[in-house]
Amino acid sequence: MDPVIELVNVVVRYDAKRALDGLSLRVHPGEIFGFLGPNGAGKSTTIKTILGLILPDSGTVRLHGLPASDVRARAAVGFMPEETAYYKFLTPLELLDFYGKLFGMPRRERRERAKALLAQVGLDGPVQRRCLSTFSKGMAQKVSLAQALINDPRTLVLDEPTSGLDPLARADLHRLLDSLRREGRTIFFSSHELSEVELLCDSVAVVCEGRVVRSGAMKELVGAAAGSSLERFFIRTVKENARS
Amino acid sequence: MRAALAIALLLIKEIFRKKDFYVALFLMGVILAYASQMKFYEVRSVTRYLLDLGLTLVFFLTVILAVSLGARQVPSEAAGRTLQVLLAKPVTRGQFLLGKFLGTFLAAAAAFGVFAAVFFGAAFAKGASFEGVLLAQAGFCFLLNLAVVSAMAVGLSPYLTVSANVSLTLVTYLAINLYGPGLKDAGAALAPPLQAVTWTLYYFLPHFEFFDLRQRLVHRWGALSPKLLLFLAAYAALYAAAFLVAGWLGLRRRKV
Amino acid sequence: MTASAALLALLLAAAGVAGSIERRLPSENASFTLEDSLGRLMGTAKEGLGDMLFLQADIYFHGGAAGRYAETREEHAKEGLIAHAETGGDWIQRVYRKVHSHAHYHLAGRQKQELLPFFALATRLDPHNIEAVLTTAYWLEAHFGKPDEAAGVLQKGRRDNPVSWEVSFALGSLYFKHKQDHEASVLYFREAVLKSEGLEIERYHRVDMHYFLAESLWRLGRPAEALPHYRRAVSFYGPDESPVLKKILLGRIAECRVAGSSAGDVPA
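Chains as they are written, first to last, in the numbering used here: chain Y, 1 to 244; chain D, 1001 to 1256; chain S, 2001 to 2268.
Shown next, in the form of structure tokens:
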């Protein structure tokens, strides 16, 4: 089966510094893929490269079989950034309606879907018509998730999706991601919450200094031995990389 | 085009939901109200000064709104990270920039419509009259002017901060309007290096004064020929395209 | 109430309080005027604005065309279209001249009233612009039939510019020609003569000052006082200059003598 996301020897430079230094990874259809790494390892740069926000200096990036720079590749992708980003003068309904237009969704469909998605993330009722400038961080994060789902995407790319969410909202998100995986969607997400990665992900990759140092199925990497955990695996991997 | 139009409509919402437009409208209203009640030696039938002042206010306030709106599009989207979310959708950078330009132009044109309605209401109430064809031409030419200014502000926004862009665009706009026609003669009196600079500016900067029909409207000089209008439209289209292409070149490979 | 609306209300209230305080501040003039506030706000920029508005009056007179005109005497007095715009120049200049008409045009008839706002504002904003004061008074008196308003402008101009002989002379002329008030015209012409002493001014101005002062005195039945001024006026001309005017002046001198003024040497 062709990978949904494929990066081969990708190099991205910011002036003299290599943010990605020959990074390669593959994400297969229908899996939840966890992307881990210490701060400054290149996680956000990788995500931006996958989405065509950054053009690599060398190497190839393919999304749904198309070059990542091809706008058609993003037609079936939903993206949730690490920091909430919205137009403060809009309401959540208007924001989702706007993003729906960009996907060419008919008016009725996108309006109905916008209401349903906002209700699904816990923003039901009059709050849907309140200006986004009045929203708390947690509420904005929910809107951010809803906009990532507006086009009913085959693939979701999430950058620290549970950042800013309370435990209840976090649990709701986990359930949502699980249900999306059961629908056959592919989810690629980065997170510092190793417990949720361990809970949800089928595969993980650990990136250090712009390179994937370990990747594979969760069970194989972490191991079945008693006392083994993703946290221990992660710390061990990062330390080994630092020594080498 | 669909994406560009969706982005454009967003800007129209923005201009009417932020304070800038209402501040400009209030300012215009106050100035016109004060000016219209002034009496000069007990003569009531003077209207040209009011038309001149009103048209100047309408034109320049609209330009200021267009520039401030256009200049902040790329920088504020980048700073607010909405640019990442937007470009992660099936939207090309060219569509994004085109949408921003259309939005700036349409939003400013909508503001112009409101300002013009207020102004002409006051003018007609004071007994002013206008030649219909010339009035339409003046509005059309101003919209051409607005298109070039909007393109300039949006085109420069990938390269400059908001304040630098606003300053540069407005200073260029005002300077060309005031001194544009005289730049060639001024350059002729300068030493060669400065002369070359002056003449380069004279030939390459857009001559915004081409689109300013206030003198004809206020002093009743009569309409322009259709051929000239066609030329002005082509001139505006050329400069707008040039600024937008320059903006696209700056945005094309930018790391978002 | 939003923060913006509250700020706006606060600004308007502050403006009202400021205006109220202004009225109570001691000032040269008894009544509060806009110029006092503007002067405090703008400083000398107010005068610059006034001068710009005065120039704008000339542009308006020429139908909004800000070109350079070398008018002949005949053209100067004409109304309506005087001459079509010049041609030539590069394509930019040609397009500019097509959009902004550069034909030579003068406002005609009632259209000239459109100059009034600029005259009014120019003299209010820059009361020390003598040319604006004189031009405004001239137009009010000669073109708009408002000699009283012209006198008002000149009176204010005289208060604002106490050393200006031009304003005093213009006042004298106004009272002499239009109001036939020779007592007043004597006052102002005398003032003009005194203020212009020691200044380098055109000879014909001095001739006019002394001549009209003398005429005013003559019409008041004071030939003895008029005589020295007629003589002074004649003294500005050489033997072969202005024979017509000199003839008039010499005629008046003779009349003054006949009327009982003291004999004096008159240049041949």
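Idealized CB from N, CA, C, for every residue including glycine. These figures come from a predicted structure and were not determined experimentally.
### Task
Give the straight-line distance between the Cα atoms of residue 1059/D and residue 1125/D, rounded to the nearest whole angstrom.
If you number the second sequence from 1, residue 1059/D lands on position 59. If you number the second sequence from 1, residue 1125/D lands on position 125. Roughly 20 Å separates the two Cα atoms.
### Task
Going by DSSP, name the residue or residues bridged to residue 67/Y.
To locate residue 67/Y, count along the first sequence from 1; it is residue 67. Beta-bridge pairing links residue 67/Y to 62/Y.
### Message
Going by beta-carbon coordinates alone, are residue 2126/S and residue 2132/S separated by less than 9 Å?
### Response
By one-based count along the third sequence, residue 2126/S stands at place 126. By one-based count along the third sequence, residue 2132/S stands at place 132. A contact, by the Cβ cut-off of 9 Å.
### Task
Could you tell me which of 1009/D, 1206/D and 1047/D sits nearest to residue 1106/D, measuring between CA atoms?
Along the second sequence, one-based indexing puts residue 1106/D at 106. Per the Cα distances, 1009/D.
### Message
Once DSSP output is grouped into helix, strand and coil, what is the label at residue 2136/S?
### Response
Here residue 2136/S corresponds to residue number 136 of the third sequence, with the count starting at 1. Looking at residue 2136/S - three-state DSSP - the assignment turns out to be helix.
### Message
Does residue 32/Y pass the burial test, meaning 16 or more other C-beta atoms within 10 Å, or should it be called exposed?
### Response
As a first step, residue 32/Y must be located in the first sequence, where it is residue number 32. That one is buried.
### Message
Under 8 Å, with one C-beta from each stretch per pair, do the region 1184–1199 of chain D and the region 1219–1232 of chain D reach the 3-pair mark?
### Response
Two segments are said to touch when three or more pairs of C-beta atoms, one from each, lie closer than 8 Å; by this definition the region 1184–1199 of chain D does not touch the region 1219–1232 of chain D.
### Query
Quick one, which residues of the region 1079–1112 of chain D are near chain Y if we go by CB-CB under 7 Å, in chain order?
The region 1079–1112 of chain D vs chain Y, Cβ under 7 Å: 1080, 1081, 1082, 1084, 1085, 1087, 1088, 1089, 1090, 1091 and 1092.
### Query
Under three-state DSSP, which class holds residue 1107/D?
The sequence position of residue 1107/D within the second sequence is 107, counting from 1. Here residue 1107/D sits in helix by DSSP.
### Task
Could you give the DSSP three-state label for residue 1091/D: helix, strand or coil?
Residue numbering aside, residue 1091/D sits at position 91 when the second sequence is read from its first letter. In the structure shown, residue 1091/D sits in coil (DSSP, three-state: anything other than H, G, I, E or B).
### Query
Can you list the residues of chain D that residue 2090/S reaches, using a CB-CB cut of under 8 Å?
Sequence index remark: in the third sequence, residue 2090/S carries index 90 (1-based). At a C-beta separation below 8 Å, residue 2090/S has these neighbours in chain D: 1184.
### Query
Along chain Y, which residues have their Cβ under 8 Å away from the Cβ of residue 1209/D?
If you number the second sequence from 1, residue 1209/D lands on position 209. Those within 8 Å of residue 1209/D in chain Y number zero; the least Cβ separation is about 35 Å.
### Task
Out of 87/Y, 35/Y, 84/Y and 145/Y, state which residue places its alpha-carbon closest to the alpha-carbon of residue 114/Y.
As a first step, residue 114/Y must be located in the first sequence, where it is residue number 114. Comparing Cα positions, the closest option is 145/Y.
### Query
residue 2044/S by DSSP, collapsed to three states: which one?
Residue numbering aside, residue 2044/S sits at position 44 when the third sequence is read from its first letter. Look at residue 2044/S here: in three-state DSSP terms it is coil, with no helix or strand label.
### Query
Is there at least one Cβ from chain S nearer than 9 Å to residue 1014/D's Cβ?
By 1-based counting over the second sequence, the position of residue 1014/D is 14. Taking CB atoms only, residue 1014/D has no neighbour in chain S less than 9 Å away.
### Message
Considering just the uninterrupted stretch of the beta strand (DSSP E) at residue 80/Y, what are its terminal residues?
### Response
Within the first sequence, the letter at position 80 stands for residue 80/Y. That run of the beta strand (DSSP E) goes 77–80.
### Query
Name the DSSP beta bridge partners of residue 2104/S, please?
Within the third sequence, the letter at position 104 stands for residue 2104/S. DSSP output for residue 2104/S lists 2083/S as bridge partner(s).
### Task
State the CB to CB distance for the pair residue 1218/D and residue 1052/D, rounded to an integer number of angstroms; the pair is presumed to be in contact (CB under 8 Å).
Reading the second sequence from its first residue, position 218 is the one you call residue 1218/D. Reading the second sequence from its first residue, position 52 is the one you call residue 1052/D. With a Cβ gap of about 5 Å, residue 1218/D and residue 1052/D count as contacting.
### Query
Closest to residue 1072/D by CA distance: which of 1097/D, 1174/D, 1050/D and 1040/D is it?
As a working mapping, residue 1072/D is identified with position 72 in the second sequence. Selected option, being the one with the closest Cα: 1097/D.
### Query
The beta strand (DSSP E) spanning residue 208/Y covers which residue range?
In the first sequence, counting from the first residue as 1, residue 208/Y sits at position 208. For residue 208/Y, the uninterrupted beta strand (DSSP E) run begins and ends at 203–208, by DSSP.
### Message
Using only the alpha-carbon positions, how far apart do residue 22/Y and residue 203/Y sit?
### Response
Looking up residue 22/Y in the first sequence gives position 22. Looking up residue 203/Y in the first sequence gives position 203. The alpha-carbon atoms of residue 22/Y and residue 203/Y are separated by roughly 20 Å.
### Message
By the DSSP assignment, the beta strand (DSSP E) with residue 190/Y in it spans what residues?
### Response
Locating residue 190/Y in the first sequence gives position 190, counting from the first residue. In the DSSP annotation of this structure, the continuous segment of the beta strand (DSSP E) that includes residue 190/Y starts and ends at 186–190.
### Task
Can you have a look at residue 1037/D and say buried or exposed, based on whether 16 or more other CB atoms are within 10 angstroms of its CB?
As a working mapping, residue 1037/D is identified with position 37 in the second sequence. Exposed, by the Cβ-count rule.
### Query
How would you label residue 1133/D, buried or exposed, when you count the other beta carbons within 10 angstroms and need 16 or more for buried?
In the second sequence, the residue the question calls residue 1133/D occupies position 133. Result: exposed.
### Message
How far does the alpha helix (DSSP H) with residue 1077/D in it extend, from its first residue to its last?
### Response
Taking the first residue of the second sequence as position 1, residue 1077/D is located at position 77. It spans 1073–1079 - the alpha helix (DSSP H) in which residue 1077/D sits, taken as one unbroken run.
### Task
Anything in chain S within Cβ reach of residue 1181/D, meaning under 9 Å, just list it in chain order.
Here residue 1181/D corresponds to residue number 181 of the second sequence, with the count starting at 1. Result: 2092, 2093, 2096, 2097 and 2100.
### Task
Express the C-alpha separation of residue 2167/S and residue 2251/S in angstroms, rounding to a whole number.
Numbered from 1 along the third sequence, position 251 holds the residue referred to as residue 2251/S. Numbered from 1 along the third sequence, position 167 holds the residue referred to as residue 2167/S. Cα to Cα, residue 2251/S sits roughly 29 Å from residue 2167/S.
### Task
Look up residue 47/Y in the DSSP assignment and give the residues it is bridged to.
For the purposes of this step, residue 47/Y is taken as residue 47 along the first sequence, with counting starting at 1. Residue 47/Y is not bridged to any residue.
### Message
Using a Cβ-based criterion (distance less than 8 Å to any ligand heavy atom), does residue 44/Y qualify as near the ligand FMN?
### Response
The ligand FMN is not among the ligands present in this structure, which contains no ligands whatsoever.
### Task
Could you please give the first and the last residue of the uninterrupted beta strand (DSSP E) stretch that includes residue 215/Y?
On the first sequence, position 215 is the one that residue 215/Y refers to. Residues 211–217.
### Task
Tell me whether residue 2096/S is buried or exposed, calling it buried when 16 or more other Cβ atoms sit within 10 Å of its Cβ.
By 1-based counting over the third sequence, the position of residue 2096/S is 96. With 16 or more Cβ atoms within 10 Å of its Cβ, residue 2096/S is classed as buried.
### Cβ-based burial, residue 2129/S [other Cβ within 10 Å; buried from 16]
For the purposes of this step, residue 2129/S is taken as residue 129 along the third sequence, with counting starting at 1. Label assigned to residue 2129/S: buried.
### Message
Threshold first: 4 residues or longer. Then list the alpha helix (DSSP H) segments lying entirely within the region 88–161 of chain Y, N to C.
### Response
Runs of the alpha helix (DSSP H) inside the region 88–161 of chain Y: 92–102, 107–120 and 137–148.
### Query
Going along the region 1213–1228 of chain D in order, which residues come within less than 9 Å of chain S, judged by CB to CB distance?
For the region 1213–1228 of chain D, which is checked against every Cβ of chain S, the residues closer than 9 Å are 1213, 1214, 1215, 1216, 1218, 1219, 1220, 1221, 1222, 1224, 1225 and 1228.
#### Entry: Neighbour list for residue 83/Y in chain D, Cβ cutoff strictly below 8 Å
Working through the first sequence from its first residue, we reach residue 83/Y at position 83. What residue 83/Y touches in chain D: 1081.
### Message
Cutting at 7 Å between CB atoms, please list the residues of its own chain near residue 1153/D, excluding the five before and the five after it.
### Response
Counting from one through the second sequence, the residue named residue 1153/D turns up at place 153. Hits under 7 Å: 1066, 1067, 1070, 1071, 1104, 1165 and 1169.
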